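First comes the structure, then the notes that go with it.
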Amino acid sequence: MKLYINENHRQGHIRPEIYGHFSEHLGRCIYEGIFVGEDSEIPNVNGMRRDVVEALREIWIPVLRWPGGCFADEYHWRDGIGPKESRKRMINTHWGGVVEDNSFGTHEFFELCRQLGCKSYVNGNVGSGTVQEMSEWVEYMSFDGVSPMAELRRKNGQDAAWCVDYFGVGNENWGCGGNMTAAQYAQEYRRYQTYVRNYDRNAPIFKICGGANADDYEWTRTVMEECFRSPAPEEAHGYMDGYSVHYYVGVEKGEHKGSATEFDENVWYETMKRAFGMEELISRHGAIMDQYDPERRVGMMVDEWGCWHDVEPGTNPGFLYQQNTMRDAVVAGLTLNIFNRRCDRVRMACIAQAVNVLQSVLLTDGPRMVKTPTWYVFHMYRFHQDADLVYSWLSGAEETGLGENRVPGIVESVSADAQGIITATLSNLSLDRDEELEIVLTEKRPQSVQITRLSGAMNAYNSFEEPEKLKEEEIREYELTERGVRLTIPACSVTTVRIA
Ligand code: AHR
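If you count the sequence shown from 1, position 39 lands on 38 in numbering that gives the first Met the number 0, and the numbers rise without skipping.
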């Protein structure tokens, strides 16, 4: 098999935000997973776990979404500011019925973003909040002048306004965010977003409209129609900068999604096939968006994606805690390749969720932390961030699969960074076919090559007892050719090839 790369043919820019993450007040994501409080014995800086912050920095986390998810439409931001001892204690009704003590709130979120060195994505409450509440939250966070909310923020210890990079106006408003119809949400969106003011003209807030669940194209059409409808001035481009789409991969059988770790080859290929659904979603939602926004000023934000399996036996069903195997890693690899290849449309993507929830990059158990196979994929793909997508073509590629679940055997994407270094990432979806691959560049004469790989049995995972069962390994078996490199891509693996 050959991978032809035309490094001179740039096809778009891969925004770092495609490698974004999501953190919700759900299970052990925020509490324990990220925030342990200043008095914890777990090493922390201002309450944030040192190990977790460091591991997220290692994968160059570009943006973090918070506080939900479904939690966002139940969250009242005033509960999470001021002295901690007087913050409201309440029940997190949506997720597990546990006590939410609000010790992690707005100030803590921006402190976390500071430590991570990433952009902030705050999700507002449309479902159970008011326009005034949302508008005052934006004022509290981002206004530097004289105003009641800016004064309140200063009273709570934060003098300067923070930078709110992205703001979501509601979440899943077709479901947990208020069970609205598309037309109803669109009206609410138009109204609520009006009061998401840009206090700092030099750093306008990027406004995100709540989008569809998976393949609900009718939602997209109706919301676009309503938001772009007159009297919206042309330059308002539907009153939005971004439009969100959510898609989870699960192999439902009745009420069950299936175990995260115990599955057979059929389920493997079914999962891969479902993961490929992402390509169709981007194309079809994108085609509808194009009708209203042909210049593509509105970005598609896939701000929730990943594998959704059954929870680990014996854990709170409302906590969505699942293990993470090679299957999750290959899904992450192929999905990120899809996002790279569709960087003309996809402007941001946030895997759900950062720690201890769904397809996490990190899992914790008290003071212990493991990097999941998915973490390694993000680490291997980090070089794509802020690089240009370049043309690539696989010749001799074959399908793989079982029964009706046929998928491409290898999925790749290739980029060139500002120094001209080429990064090719390849996922081998086959469970039994190693591929002999020759990479052929158009003009570049390679000086050096670095190859790393993640591979293992389909249901292997990193446990707290064996935290490095799976990890990225440097590969030295390859042959440098005049215009590229020859190497083997083993079955069930993710590979990164860097060519300087
Ligand atoms: O990520 C878990 C949940 O999935 C989110 O809260 C919600 O937006 C989605 O349905």
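Where a beta carbon is used, it is the ideal one built from N, C-alpha and C, also for glycine. Every value quoted in this text rests on a predicted model; they were computed, and no experiment measured them.
Check	Outcome
Cutoff 6 angstroms; reference residue 447; Cβ partners in own chain excluding five residues on either side	499
Residue closest to residue 160, alpha-carbon to alpha-carbon, out of 114, 298, 105	105
Between the CA atoms of residue 374 and residue 6 - distance to the nearest angstrom	28 angstroms
Close-in-space but distant-in-sequence residues of the same chain around residue 360 (CB under 8 angstroms, 5 per side omitted)	20, 54, 55, 58, 350, 353, 354, 370, 371, 373, 374, 377
Three-state secondary structure assigned by DSSP to residue 90	strand
Any C-beta of chain B under 8 angstroms from that of residue 21	Looking at the structure shown, chain B is missing, and only one protein chain is on hand.
With 16 other Cβ atoms within 10 Å as the buried cut-off, status of residue 98	exposed
Boundaries of the alpha helix (DSSP H) in which residue 221 is found, first to last residue	216–227
beta-carbon residue 349 near the ligand AHR non-hydrogen atom, thresh 7 angstroms	no
Nonlocal neighbours in the same chain, by C-beta distance under 7 angstroms from residue 479, ignoring five residues either side	445, 448
Buried versus exposed call for residue 170 [16 or more other C-beta atoms within 10 Å across all chains shown]	buried
Cβ distance (whole Å) where residue 205 is taken to contact residue 241 below 8 angstroms	6 angstroms
Residue 412: first and last residue of the uninterrupted beta strand (DSSP E) it sits in	409–415
Residue 20 beta carbon near the ligand AHR (any heavy atom closer than 7 angstroms)	no
Other residues of its chain near residue 335: CB distance less than 6 angstroms, five sequence neighbours each side excluded	380
Entirely enclosed beta strand (DSSP E) segments - the stretch 413–438, minimum 3 residues	421–427
Environment of residue 259 [buried if 16+ CB atoms lie within 10 Å]	buried
Through-space distance from residue 250 to residue 42, alpha-carbon basis	38 angstroms
Segment contact, 8 angstroms Cβ cut-off, at least three pairs: the stretch 31–42 with the stretch 73–82	no
8 angstroms Cβ cutoff met for residue 74 and residue 155	no
Check whether residue 467 and residue 461 have beta carbons under 8 angstroms apart	yes
Residues that DSSP places opposite residue 136 in a beta bridge	Paired residues: none, contrary to the question.
Close beta carbons around residue 484, own chain, < 6 angstroms, minus the five adjacent residues each side	438, 448, 477
Residue 161 in three-state terms, based on DSSP	coil
Residue 503 in three-state terms, based on DSSP	Nothing about residue 503 can be read from this structure; the chain reaches only from 0 to 499.
Top-ranked residue by Cα proximity to residue 407, from 387, 423, 413, 429	429
Residue 177 CB to nearest heavy atom of the ligand AHR below 7 angstroms	no
Paired residues, beta bridge with residue 43 - DSSP	48
Integer-rounded CB distance, given that residue 47 should sit under 8 angstroms from residue 157	About 16 angstroms separates the two Cβ atoms, so there is no contact after all.
Residue 289 - containing alpha helix (DSSP H), residue span	264–291
Residues of its chain near residue 239, where Cβ-Cβ distance is below 6 angstroms and the 5 sequence neighbours each way are ignored	206, 208, 297
Straight-line Cα distance separating residue 456 from residue 435	20 angstroms
Burial state of residue 431 (16 or more Cβ within 10 Å)	exposed
Cβ contact check for the stretch 260–272 and the stretch 384–402: 3 or more pairs under 8 angstroms	yes
Opposing strand residues paired with residue 205 [DSSP bridges]	165
Cβ-Cβ separation, residue 317 to residue 95 (assumed contact under 8 angstroms), whole Å	3 angstroms
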